[in-house]
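Numbering (the UniProt record's numbering), first residue to last: 1 to 250.
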């Protein structure tokens, strides 16, 4: 592909589910879901988003540029369901518009932050403008990666799911994520839902601290609330995600 992506694939079946991770993370956060989908009912396609993990960076990060890079993954697929988390959820809705090629049957945006304060937007822009800090040891870098990706307390620093979130160099360790990805800005979720050519739905963990179920339901009254789960519901309970995927497929 023109913009090289690290992509994991597996499972079996005619339909494919495109699994998109959130800002700062990698496709490895879907590992538990991969394991449960190993024998069907669908194939799964899980990239590292542009500028994340083992995927190449982009000259510029917008929802459109990132979605265009991902669209190549589904252009030859006949039946596609997209399940994206946070930033990945916005990109899933963007792909569902059909603007960038490929055909999506259904799309679910999980844990999309729909309410932003001026301070939050300013903080994200400030982070995007900082150089990628170098850390002397892997542990320190891993701890920072888990914090930036929102996985702190869910994944151990020695877990293999951390590996592609880090880059080792002769001078030390840094995060694999391009800081400039944090400058994508506030997503127009209502606009994306209106523009979608696919069946779409939002989902949110009942205990999500980044986006409350009340906020999400203001945008999508049919939003799915996942009992007892937080922002990283796909990491906390892969089984709940498999059920969600099965429902989307049917």
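Ideal Cβ placement from N, Cα and C applies to all residues, glycine included.
With C-beta atoms as the reference, is residue i less than 8 Å away from residue j?
i           : j           : result
residue 66  : residue 41  : no
residue 20  : residue 92  : yes
residue 225 : residue 189 : no
residue 7   : residue 58  : no
residue 172 : residue 146 : no
residue 44  : residue 80  : no
residue 177 : residue 155 : no
residue 150 : residue 231 : yes
residue 216 : residue 204 : yes
Where does residue i fall in DSSP's three states?
i           : result
residue 79  : coil
residue 74  : coil
residue 104 : coil
residue 183 : helix
residue 230 : coil
residue 8   : strand
residue 245 : helix
residue 145 : helix
residue 135 : strand
residue 13  : coil
residue 59  : coil
residue 203 : strand
residue 173 : strand
residue 44  : strand
residue 153 : coil
Closest by CA to residue i, which one among the options?
i           : options           : result
residue 86  : 229, 151, 23      : 23
residue 237 : 14, 148, 32, 10   : 32
residue 117 : 247, 4, 211       : 211
residue 160 : 38, 18, 231, 53   : 53
residue 174 : 230, 130, 243     : 130
residue 209 : 30, 217, 248, 229 : 229
residue 78  : 14, 152, 221      : 14
residue 132 : 168, 103, 29, 153 : 168
residue 191 : 94, 68, 71, 29    : 94
In chain order, what residues of the same chain have a beta carbon less than 8 Å from the beta carbon of residue i, not counting five sequence neighbours either side?
i           : result
residue 127 : 179, 182
residue 199 : 105, 106, 107
Starting from the C-beta of residue i, find all residues in its chain whose C-beta is less than 7 Å away, skip the five residues before and the five after it, and write them out in chain order.
i           : result
residue 139 : 157
residue 62  : 184
residue 197 : 96, 97, 98
residue 195 : 97
Please look up how many angstroms separate the CB atoms of residue i and residue j, rounded, as I've assumed it's under 8 Å.
i           : j           : result
residue 223 : residue 202 : 4 Å
residue 82  : residue 96  : 7 Å
residue 300 : residue 165 : Residue numbering for the chain in the displayed model covers 1 to 250; residue 300 lies beyond these limits and cannot be assessed.
residue 101 : residue 84  : In fact, because the Cβ distance is near 17 Å, the residues do not count as touching under 8 Å.
residue 251 : residue 11  : The requested residue 251 is not part of the displayed model; the chain covers only 1 to 250.
residue 187 : residue 90  : 4 Å
So, at 6 Å on beta carbons, what are the nonlocal neighbours of residue i in its own chain, with the 5 sequence-adjacent residues on each side left out?
i           : result
residue 193 : 200
residue 48  : 6, 26, 27, 54, 55
residue 141 : 135, 166, 173
residue 207 : 230
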